[in-house]
Structures are given as structure tokens and as C-alpha cells.
């Protein structure tokens, strides 16, 4: 039987990771554009315009940091779950071997 719930959870995790990766790339590109624009054309935008662009650039950098954090936390969660599954399998095997040694079922 197909585990639809597990498949849905895995696909949502993959989609979230891809979205985080797109946020990293888009945020980095926008931050680069915002910083270049604010320093190269200060006379066009004026002080207020440059300040707004710098604030948007910092927000984009925050999105980059958030995306990196989400990807790292997703990978760490996956590794932790893998380790937990291996530990459960090891204990089940120990239980089977213990039952066999003492004549249990």
C-alpha cells in the first residue's frame, strides 16, 4: 500500500527547499542590484531613494540568510531522522537476537 501522507510530506519538504534556494538566489541578485544602484546613482534617487533601496537590499540579504538557514535545518532534520531510523532498526535486531538466544518467539 502506498504511503500518501509520507510522500506528500517529502514532496513538501523538497518544494520548501527549492523555494528557499530560489529565495537565496533572488535575494542575492536583488541585494547586489540594490547596493550597486544606491551607490552609483545617488544623484538620481536622492537620499531617500537610496535609503529605501539599501533597506530593500538588506531585506533581500535577510531572505538569503533565512533561505540558507531553512536548507541547513531541513538537511539536519533529514540526517537526524535517518540516524533515528537506524537506531530503531538496531534495537529491533537486538531484540530479535535476544529472544532467539533465550528461546523466545
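Residue numbers (the UniProt record's numbering): 1 to 105. For glycine and all other residues, C-beta sits at the position ideal for the given N, C-alpha and C. Every value quoted in this text rests on a predicted model; they were computed, and no experiment measured them.
Practice task
Take the Cβ of residue 15 as the centre, count every other Cβ of all protein chains shown within 10 Å, and call the residue buried at 16 or more, exposed below.
Solution key: In the chain shown, residue 15 corresponds to position 15, counting from 1. Residue 15 comes out exposed.
Practice task
Count the C-beta pairs between the segment 17-33 and the segment 61-72 that are closer than 8 Å, then say yes if the count reaches three, no if not.
Solution key: Contact between the segment 17-33 and the segment 61-72 is present, because at least three Cβ pairs lie under 8 Å.
Practice task
Whole angstroms is fine: what's the gap from residue 7's alpha carbon to residue 81's?
Solution key: Here residue 7 refers to the residue found at position 7 when the chain shown is read from its first residue. Here residue 81 refers to the residue found at position 81 when the chain shown is read from its first residue. Taken atom to atom, the span from the alpha-carbon of residue 7 to that of residue 81 is near 15 Å.
Exercise for the section: Please decide whether residue 9 counts as near chain D, where near means a Cβ-Cβ distance under 7 Å. Expected result: In the structure shown, chain D does not exist; there is a single protein chain.
Problem - residue 53 classed as buried or exposed, judged by whether at least 16 other C-beta atoms fall within 10 angstroms - result: Indexing the chain shown from 1 puts residue 53 at position 53. When all chains shown are included, residue 53 counts as buried.
Practice task
Quick one: which unbroken beta strand (DSSP E) runs of 3-plus residues sit fully inside the segment 58-83? Chain order, please.
Solution key: For the segment 58-83, not a single whole beta strand (DSSP E) run of length 3 or above is found.
Exercise for the section: Using the Cα positions of residue 70 and residue 60, report the straight-line distance between them to the nearest angstrom. Expected result: In the chain shown, the residue the question calls residue 70 occupies position 70. In the chain shown, the residue the question calls residue 60 occupies position 60. Approximately 15 Å, taken between the alpha carbons.
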